[in-house]
Every structure is written in structure tokens, then in C-alpha cells.
Amino acid sequence: MKSKKLSIPYIIWMLIFTMIPLVMIFISAFTNKNGSFSLEPFQKAFEHTGVFTKSLWIAFISTLICLVLAYPLAYMITKMKRSTQRTVIMLMMIPMWMNFLLRIYAWIILLQDNGPVDQVMSFFGIHGHYINNTGAVIVGMVYEYLPFMVLPIYTVMSKIDGGLIEAAQDLGSNGFDVFRRIVFPLSIPGIISGITMVFVPSASTFLVAQYLGGNDDKMIGDVIESYFMTDQNMASALSLVLMVFIFVFLVIMNLFGDEEAIA
Amino acid sequence: MNSKKNGFLSKIYLALIMFFLYAPIGVMIFFSFNNGRTIVWKGFSLKWYEALFNDNRLMGALVNTLLIAVLASLFATILGTAAAIGISNFKGKKRAVIQNISNISIISPDIVMGMSLMLLFTFLGVIFNFQMGFVTVLLSHISFCVPFVVLNVMPRIKRMDPNIYDAALDLGCNQRQAFFKVVIHELMPGIASGFLISFTYSLDDFIITHFTQGTKFQNLSTEIYAMLKREIPPKVNALSALLFLAIIIIMVIINLRDRHEEKVKGEMK
Numbered sequence: 001m002k003s004k005k006l007s008i009p010y011i012i013w014m015l016i017f018t019m020i021p022l023v024m025i026f027i028s029a030f031t032n033k034n035g036s037f038s039l040e041p042f043q044k045a046f047e048h049t050g051v052f053t054k055s056l057w058i059a060f061i062s063t064l065i066c067l068v069l070a071y072p073l074a075y076m077i078t079k080m081k082r083s084t085q086r087t088v089i090m091l092m093m094i095p096m097w098m099n100f101l102l103r104i105y106a107w108i109i110l111l112q113d114n115g116p117v118d119q120v121m122s123f124f125g126i127h128g129h130y131i132n133n134t135g136a137v138i139v140g141m142v143y144e145y146l147p148f149m150v151l152p153i154y155t156v157m158s159k160i161d162g163g164l165i166e167a168a169q170d171l172g173s174n175g176f177d178v179f180r181r182i183v184f185p186l187s188i189p190g191i192i193s194g195i196t197m198v199f200v201p202s203a204s205t206f207l208v209a210q211y212l213g214g215n216d217d218k219m220i221g222d223v224i225e226s227y228f229m230t231d232q233n234m235a236s237a238l239s240l241v242l243m244v245f246i247f248v249f250l251v252i253m254n255l256f257g258d259e260e261a262i263a
Numbered sequence: 264m265n266s267k268k269n270g271f272l273s274k275i276y277l278a279l280i281m282f283f284l285y286a287p288i289g290v291m292i293f294f295s296f297n298n299g300r301t302i303v304w305k306g307f308s309l310k311w312y313e314a315l316f317n318d319n320r321l322m323g324a325l326v327n328t329l330l331i332a333v334l335a336s337l338f339a340t341i342l343g344t345a346a347a348i349g350i351s352n353f354k355g356k357k358r359a360v361i362q363n364i365s366n367i368s369i370i371s372p373d374i375v376m377g378m379s380l381m382l383l384f385t386f387l388g389v390i391f392n393f394q395m396g397f398v399t400v401l402l403s404h405i406s407f408c409v410p411f412v413v414l415n416v417m418p419r420i421k422r423m424d425p426n427i428y429d430a431a432l433d434l435g436c437n438q439r440q441a442f443f444k445v446v447i448h449e450l451m452p453g454i455a456s457g458f459l460i461s462f463t464y465s466l467d468d469f470i471i472t473h474f475t476q477g478t479k480f481q482n483l484s485t486e487i488y489a490m491l492k493r494e495i496p497p498k499v500n501a502l503s504a505l506l507f508l509a510i511i512i513i514m515v516i517i518n519l520r521d522r523h524e525e526k527v528k529g530e531m532k
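Chains as they are written, first to last, in our numbering: chain A, 1 to 263; chain B, 264 to 532.
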């Protein structure tokens, strides 16, 4: 029980399957086609700055929408009976167990021309296209990651000591004051980890934009994937830049919350 | 004050969110019974279910997915639990370094992880003369699952009374009994949730499998990906409906078991 030896297999495992592969990406990103050191992959990678900005923008908007939708929801759930809380949380989880591709595919059906959404809108006399645009990508992202925002906020909120709230009410705070001065500050760690859990995967995922977005809605994940077969060095350089962005983001998030909330 | 009105508004809000979450699934299930190919309703039919069961590739992919998920999460749970116990015996900086390396694979985007593993396997494949397939996918899945097990077991170790192992020895357990019957028993909730998270992630994974699958191996996600590239086959709807049914059954069983356990605990008190 007191032995450190038990962790040796995993340390070796991490060395082979985490560290060495990352070092390989690093080396690959600084190598040109002839196999010698070069900054060429990064030069080519910077031709895709527009895609980077667009990905981060889509991820930012999706995260914001998730937060706006999830925060009141999490708060409402904590106000319910214990057994109802569990059922609602379970209902939030079930769609996440469906396969990732099937969830996107469902939105293709819903949003396509003459699809259910189009028909309902046409019924009210509104005609338009609901797929192959940035809006559809954002809807898909929110659908994919909303539960990742609700769960951490709910977890943190449900742990808030009810005595604190009663004490504040006894001391003359009204409902809004209680929320502003107790519930909100104490829920910040949940918000931070929710933002992290939504922003990181939505900034780096691929396929969602391919299926739901238009031609100019490529995201960084799609670009990395599409260049992987033809130009591995450039794909590696793009991956490195993406990693750097995400690490910077996590460091900033760390400044706001305590470390445990992020992990 | 106006708590009744608030209760009503929050119910509506909750209903809207649930509609958003379930409408897409509902639409898929609805069209899985459609007699036509498109989203025009042509009458009730079970033909897409028949087509689904006759699709050997898809059924094979389903078996592969389940097999990988079971093996990867089992192996990751054992490796991760052992690692967590070992890591907890390190102090200070060393421990922080090991834990941070472990967290790298949680933080790094799937696409980067998938790509980096593919680089590794192609490199090793040239040296040892093998091709990517079942084994490389399994190794990759274990790799992204272990950190979640470590993360779930660690807090239980911190909360555990460190003397409990010695106490078991004093009371006549041998080392093996003390370890399996006492320590592992104490850590079980953490181990179980680590296993469950691993299983879920493995089942749902597309990106990492996509990069490490080689040419012959397919899991459910990559097979659906390949299908969607060719056309939009309605049997995917039937597949969704059946998966949804399976998930509901599993969830209900888990929930009933939890309630039962709570009841038993309540009676004990």
C-alpha cells in the first residue's frame, strides 16, 4: 500500500503513449518535406489564420450560449426535490450516450431543406435555409456540449450550504441579493470548469462544421484532418499552434478559478 | 411571494430544454419507421430495421465497439487504480509532475492526440512490421481512458484513513487480503465511476479511432462516418432508435438499483 511501484506501469505507459507521440508532433512540425529542420510548416500554417479566428469565434459563441442556457437551468434543478433532481440530470445525460455522429446526423435531418424545421417555419410563412451556415454549426455545438456546461455548475450549486442562504435572508437580504452575493460567487468554480469543458472540445472538434456548416465554415480540426494525409508537417504545426492556444486559455481560466475546479 | 409563478416559468424553461435535447432523437426514431427513403412520410414499415440487421459490416462494427469499450475500460481501470495508489505515495514536486503529465491527455484535443498516436504507430509499424488495426485502437483507447480513472480514484485515496491497511493487517488479514478486501473496497466508488466514464468515452469515440484504425478495422462511429460519406442511409435512423432504447433500459436499471441501495441504506439507519 505504501509502495510507489504500483505507478510504474502507468508511468512507462504515459512515456510511450503520451510523451513520445507529442515529441513526434513537435519534431514533425519543425521538419520540411526533405526531412531537415525548417520553419516552413509554420509559414504554411499561418495561411490558415482565418480558420483559426473562425474556430475560436464559433467556440466562443457556442460556449456563451451554453452558459446562458445552462446557468438558470442548473439553478432551477437545485431548487427541485432530490429525487426529481436525479431524474432531470439523468435526462440531460441520456442524449450524450448516443453516438457523437448520430447526434450530428439528427441535426442534418432536422435542418435540411424541406426538413421538419423548414416545414414548421414555412407553415408560419417564414422561408429560409437552416443548414450549411455558421448558425447551424453553433446549434450543433450547443447540442453536443450543453450537458458539459450544466453538470459542473449544477454540482457546485448543489453543494452550497443552505444555512448560508438562510443566514443571508435572516440578515435582511432579498432574493436577488442572496443570488448576487452568495449563490453566484460560490458557483464561479462550476462556471469556470463548464466553460473549459465546452470551449476546448468545441474549438478543436471536426465534422460538426463539415456536416452542418457551409463552405466557409471550416474549423481548425477539419483543416488539420484534411491536411494530415497530404502534408503531415503542416498538420503537426497546426496542432502545435492549437495546443498553445488551449494551454494559454487554460492558464487564463486558472487565474479565475482554483485548480481543482479545472481538473 | 411570486414563487408559484417562478415555478411555472422554470417548468416551461425545463420543458423547452428537454425538447431541444430530445427532438432530434425523436425525429430519427420517427423516420426509422418510414417506408420511404427520404423525409417524406410514406407509411409505416420495419424494413430499415431488417436492412440494419442484415448489414454485416455495421453489426461487425457494433461488436468491435463493444469489445474495445469493455477491454479498454477494464484495462484502464486496473492500470489507473494501481497508478493512483502508487502516485499518492509520491510527495511534492514529483507527484505534481506525474499528475500533470497524466492530465495532458485530458487537456489535449482529441484530434492532436489521435494524430500524435498515429505518428507513433506508423513509426513503430515500420520498425516492427505491423499495421494499425484492433490492437492500436485498443492501446489508444486505454491511453485516453486511464487519466480519467486516476482522476476519479485519487480523491477517494485522499479521503481514506491511511491506517486502514495496517489495521486490516493487525486484525489478521494477509497483505493480499488487506489490499483487495479493504483498500480496494474503500476505493470502489471512485473505481466504478472511473470505469463508467472510460466505457462511455470509448463507446462514443470517433476522432481517435479515425486516426488509429488502419485500413481494415471499423468501429460504430467510423462506420457511420463512412456511410454518411456515401449517402444518407435510413437504416442509420433504425440504429439510433435501437441504441436509444438500449440506453434507456440501462439507465432505468442503474436508477432502480441506486434507489434500491438508498432504501437499504435508509433502513439500516
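Where a beta carbon is used, it is the ideal one built from N, C-alpha and C, also for glycine.
Rounded to whole angstroms, residue 26/A and residue 133/A show a C-alpha spacing of 34 angstroms. Between the segment 442–449 of chain B and the segment 421–433 of chain B there are three or more inter-stretch CB-CB distances shorter than 8 angstroms, so the stretches are counted as touching. Near chain A, meaning a CB-to-CB distance below 8 angstroms, the residues of the segment 455–466 of chain B are 463, 466.
A distance of 8 angstroms or more separates the beta carbons of residue 254/A and residue 41/A.
Contact annotation for residue 327/B against chain A: no contact, minimum CB-CB distance about 13 angstroms [criterion: below 7 angstroms]. The Cβ-Cβ distance between residue 207/A and residue 220/A does not fall below 8 angstroms. Of all residues in the segment 472–491 of chain B, only 483, 484, 487, 488, 491 come within less than 7 angstroms of chain A when Cβ atoms are compared, listed by chain position. Residue contact check for residue 416/B against chain A: no CB pair falls below 8 angstroms. For residue 379/B, the chain A residues whose C-beta falls within less than 7 angstroms of its own C-beta are 21, 22, 24, 25, listed in chain order. Under the three-pair Cβ rule at 8 angstroms, the segment 11–29 of chain A counts as touching the segment 380–393 of chain B. Of the other Cβ atoms in all chains shown, fewer than 16 fall within 10 Å of the Cβ of residue 313/B; this residue is therefore exposed. Secondary-structure assignment with DSSP links residue 31/A through a beta bridge to 37/A.
With a 10 Å radius around the Cβ and a threshold of 16 neighbouring Cβ atoms, residue 122/A comes out exposed. Between residue 486/B and residue 324/B, the C-beta gap is smaller than 8 angstroms, which places the two residues in contact. Here the segment 154–164 of chain A lies against the segment 71–89 of chain A, with 3 or more beta-carbon pairs under 8 angstroms apart. The beta carbons of residue 243/A and residue 371/B sit about 6 angstroms from each other, so the pair counts as a contact at 8 angstroms. Judged by DSSP in its simplified three-state form, residue 480/B adopts coil rather than helix or strand. An exposed status is given to residue 304/B, since fewer than 16 other beta-carbon atoms sit within 10 Å of its beta-carbon.
Within chain A, not a single residue places a beta-carbon under 8 angstroms from that of residue 396/B; the smallest gap is close to 17 angstroms. Against chain A, the CB of residue 496/B has no partner CB under 8 angstroms away; the residue lies outside that interface. Taking a C-beta distance under 8 angstroms as the contact criterion, residue 92/A and residue 21/A do not qualify as a contact pair.
Neighbours of residue 40/A in chain B, taken as residues whose beta carbon is under 7 angstroms from its own, are absent, since the nearest beta carbon is some 18 angstroms off. Interface annotation, residue 132/A: not in contact with chain B, CB-CB separation never under 8 angstroms. Look at residue 99/A here: in three-state DSSP terms it is coil, with no helix or strand label. For residue 199/A, the closest Cβ of chain B is not nearer than 8 angstroms.
By the criterion of a C-beta distance shorter than 8 angstroms, residue 456/B is surrounded in its chain by 415, once the five residues flanking it on both sides are discounted.
Between residue 149/A and residue 67/A a beta carbon distance of about 6 angstroms is seen, short of the 8 angstroms cut, so the two are scored as contacting. The beta carbon of residue 281/B falls within 8 angstroms of a beta carbon belonging to chain A, placing the residue at that interface.
Runs of the alpha helix (DSSP H) lying entirely within the segment 431–502 of chain B and spanning at least 4 residues, in chain order: 447–467, 470–475, 483–493.
When the alpha-carbon of residue 198/A is set against those of 37/A, 180/A, 16/A, 246/A, the nearest one is in 246/A. Rounded to whole angstroms, the separation of the alpha carbons of residue 55/A and residue 143/A is 17 angstroms. Contact between residue 111/A and residue 136/A holds: CB atoms are separated by about 6 angstroms, below the 8 angstroms threshold. Taking a Cβ-Cβ threshold of 7 angstroms, the residues of chain A close to residue 469/B are 100, 101, in chain order.
Note that the C-beta distance between residue 53/A and residue 202/A is not below 8 angstroms. Counting only residues of its own chain and dropping the five nearest sequence neighbours on each side, residue 472/B has a CB closer than 7 angstroms to the CB of 400, 482, 484, 485.
Between residue 475/B and residue 395/B, the gap from beta carbon to beta carbon is short of 8 angstroms.
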